[in-house]
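Trainee: Have a look at this one before I ask anything.
Protein chains in written order, with the numbering used here: chain W, 17 to 264; chain E, 5 to 215.
Laid out in structure tokens, this is it:
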């Protein structure tokens with residue numbers, strides 16, 4: 017076959033383009049000059065024309081029904097659902113990140129306080145700026161992918177930061193979590209981003225005495241850890257779902 | 005009027021298409037549906053020949069027009085045909101990728117069922133029954149062989165030979181350069197030619213007509 021191609025100055029592709037009248041005038045002249053003296057190419061040309069003609073003669077199939085769009089097809093809900101999903105992502109990311117941090121802090125403090133009795137008090141007397149900055153950074157990301165990566169890095173960073181962040185206390189967290197979970201469950205509806213960002217600042221200002229005083233009773237502590245873990249997992253799962261839906 | 009219009013013959017320019025586009029951009033669904041009515045046969049045919057099955061073609065057609073309505077705001081020119089074909093082409097390629105396994109089934113076993121619409125091939129009273137049967141069989145064979153082409157070659161050949169687009173329009177619909185279009189059409193036709201050479205009783209007749 018290579019031999020054929022080498023000897024022939026006109027390629028199959030040029031013949032095909034010639035059939036479609038898509039050659040430049042110079043190329044067309046060259047092809048026509050060649051065709052004059054080459055029976056094989058003339059046969060080839062006829063076959064290509066026959067293929068084109070046969071395809072062009074295929075019966076046109078009329079549309080089986082009308083594809084006119086109905087109002088219901090293009091209701092704002094549909095784009096708004098997509099928009100609602102898009103709006104929910106920063107909220108989901110913020111809530112997930114907050115829950116991850118809170119979980120990490122709780123576990124960190126828990127481990128430290130089980131190691132040395134008074135450490136829990138110190139953990140809660142640090143500056144408030146760090147706690148504010150992190151959820152805002154988390155809520156800033158739009159893409160679900162970058163948010164889950166951010167969540168991962170926060171997971172890793174948390175143990176070292178755990179001792180420095182004023183955590184949402186067990187007393188506060190369950191209530192904010194109760195507000196957040198309905199929002200996670202109905203992602204397409206826009207929910208006011210009130211609960212998540214304000215949960216932490218409120219937690220900072222809350223008296224921490226009940227935490228320090230829980231030396232003998234672990235149950236609220238465990239409950240808080242379980243709750244934050246559940247929120248974090250639910251948030252991460254929802255984000256993954258949104259990301260998967262966008263890919264599909 | 006010939007009772008049998010080939011797909012390529014369905015080329016009519018729509019008056020005040022530009023106005024319909026403008027009104028569609030403003031959310032006028034009725035205006036958009038005028039465009040749908042004008043192009044749905046062509047879009048459906050593209051999908052039908054690309055995907056083989058009427059159901060898949062209907063889904064892809066619906067998806068095309070939904071997607072078009074949602075993105076009509078970004079349509080800059082009045083080149084509605086290329087724009088719709090681009091959306092339809094993407095919808096078909098997406099459908100093929102998503103259902104690779106189903107497409108492979110139709111690739112492996114092309115059967116008369118691959119073209120159940122042959123009953124829509126309206127009889128031409130001037131044609132002898134033998135010719136009609138032959139033509140019908142050729143249509144089936146062609147559709148089956150189209151489905152065996154790689155999707156990009158299939159799309160290029162369909163847009164060129166069934167929809168009558170020029171290479172530039174095809175490049176706009178498929179993405180890529182005119183050179184790529186030229187190459188895909190050439191390779192697609194070469195494959196079809198090889199397949200049809202094995203059916204001289206069908207193919208030989210058409211070749212003789214070209215002489």
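Every residue gets a Cβ at the ideal spot worked out from N, C-alpha and C, and that includes glycine.
1) Between the C-alpha atoms of residue 124 (chain W) and residue 252 (chain W), what's the straight-line distance to the nearest angstrom?
2) Indicate whether at least one CB of chain E lies closer than 8 Å to the CB of residue 38 (chain W).
3) Are the stretch 83 to 98 of chain E and the stretch 106 to 115 of chain W touching by the rule of at least three beta carbon pairs closer than 8 Å?
4) Could you work out which residues of chain W lie near residue 207 (chain E), taking near to mean beta carbons separated by less than 9 Å?
5) Residue 248 (chain W) and residue 115 (chain W): beta carbons closer than 8 Å?
6) Quick check: residue 79 (chain W) and residue 44 (chain E), are their CB atoms within less than 8 Å of each other?
7) With DSSP collapsed to three states, give me the class of residue 75 (chain W).
8) Is residue 196 (chain E) close to chain W, meaning its C-beta is less than 8 Å from at least one C-beta of that chain?
9) Is the stretch 73 to 84 of chain E touching the stretch 149 to 169 of chain E in the sense that three or more CB pairs, one from each, lie closer than 8 Å?
10) Just mark residue 37 (chain W) as buried or exposed, buried being the case when its beta carbon has 16 or more other beta carbons within 10 Å.
11) Would you verify that the beta carbon of residue 273 (chain W) is, or is not, closer than 8 Å to some beta carbon of chain E?
12) Which first and last residues belong to the alpha helix (DSSP H) in which residue 47 (chain W) is found?
13) Please name the residue, chosen from E:38, E:75, E:99 and E:32, that lies closest to residue 62 (chain E) on a Cα-to-Cα basis.
14) Under three-state DSSP, which class holds residue 81 (chain W)?
15) Using a Cβ cut-off of 8 Å (strictly closer), state whether residue 74 (chain W) contacts chain E.
16) Do we get a CB-CB distance below 8 Å when we pair residue 189 (chain E) with the residues of chain W?
17) Excluding the 5 residues flanking residue 256 (chain W) on each side, which residues of the same chain have their C-beta closer than 6 Å to its C-beta?
18) Residues of chain E with CB under 8 Å from residue 80 (chain W), in chain order?
19) Kindly indicate which residue of E:47, E:205 and E:211 has the alpha-carbon position closest to the one of residue 82 (chain W).
20) Please tell me whether residue 83 (chain W) has its Cβ less than 8 Å away from any Cβ of chain E.
21) According to the neighbour-count rule (16 or more other Cβ atoms, all chains shown, within 10 Å of its Cβ), is residue 68 (chain E) buried or exposed?
22) How would you list, in chain order, the residues of chain W whose beta-carbon sits under 7 Å from the beta-carbon of residue 37 (chain E)?
23) So what's residue 38 (chain W) in DSSP terms, helix, strand or just coil?
24) Quick one: using the 10 Å Cβ neighbour count with 16 as the cut-off for buried, is residue 89 (chain W) buried or exposed?
25) Give the DSSP-derived three-state secondary structure of residue 20 (chain E) in the structure shown.
26) Would you check whether the ligand MG has a heavy atom nearer than 7 Å to the C-beta of residue 156 (chain E)?
27) Consider the Cβ of residue 70 (chain E): report whether some Cβ of chain W lies at a distance smaller than 8 Å.
28) By alpha-carbon positions, which one of E:210, E:203, E:195 and E:207 ends up nearest to residue 29 (chain W)?
29) Do we get a CB-CB distance below 8 Å when we pair residue 32 (chain W) with the residues of chain E?
30) Our contact map puts residue 151 (chain E) next to residue 56 (chain E) with C-beta atoms below 8 Å; I'd like the distance itself, whole angstroms only.
31) Among W:234, W:26 and W:63, whose alpha-carbon lies nearest the alpha-carbon of residue 54 (chain W)?
32) Kindly indicate which three-state DSSP category residue 113 (chain W) falls into: helix, strand or coil?
33) Could you name the residues of chain B that residue 186 (chain E) contacts, counting a contact when the two beta carbons are closer than 8 Å?
34) Since residue 178 (chain E) and residue 153 (chain E) are thought to touch, with beta carbons under 8 Å apart, how far apart are those beta carbons, to the nearest angstrom?
35) Under three-state DSSP, which class holds residue 53 (chain E)?
36) Does the beta-carbon of residue 52 (chain W) have 16 or more other beta-carbons within 10 angstroms, so that it is buried, or is it exposed?
Mentor: Checking against the coordinates, here is how it stands:
1) 21 Å
2) Yes - at least one Cβ of chain E is within 8 Å of the one on residue 38 (chain W).
3) no
4) 63, 66, 67 and 70
5) Yes, Cβ-Cβ distance for residue 248 (chain W) and residue 115 (chain W) is below 8 Å.
6) yes
7) strand
8) yes
9) no
10) Counting Cβ neighbours within 10 Å, residue 37 (chain W) comes out exposed, since fewer than 16 surround it.
11) With chain W represented from 17 up to 264, any question about residue 273 (chain W) goes unanswered, as that position is not in the structure.
12) 41 to 53
13) E:99
14) coil
15) yes
16) yes
17) none
18) Going along chain E in sequence order, the residues near residue 80 (chain W) (Cβ under 8 Å) are 48, 58 and 62.
19) For the options E:47, E:205 and E:211, the alpha carbon positioned closest to that of residue 82 (chain W) is the one of E:47.
20) At a cut-off of 8 Å between C-beta atoms, residue 83 (chain W) counts as an interface residue with respect to chain E.
21) buried
22) The contacting residues are 84 and 85.
23) coil
24) exposed
25) coil
26) Ligands are entirely absent from the displayed structure, and the ligand MG is therefore not among its contents.
27) Yes, because at least one Cβ of chain W sits closer than 8 Å to the Cβ of residue 70 (chain E).
28) E:195
29) At a cut-off of 8 Å between C-beta atoms, residue 32 (chain W) counts as an interface residue with respect to chain E.
30) Indeed, because the Cβ distance is near 5 Å, the residues count as touching under 8 Å.
31) W:26
32) Assignment of residue 113 (chain W) by DSSP, reduced to helix, strand and coil, places it in the helix class.
33) In the structure shown, chain B does not exist; the protein chains are W and E.
34) Going by Cβ atoms, the distance from residue 178 (chain E) to residue 153 (chain E) rounds to 14 Å, so no, they are not a contact pair.
35) helix
36) exposed
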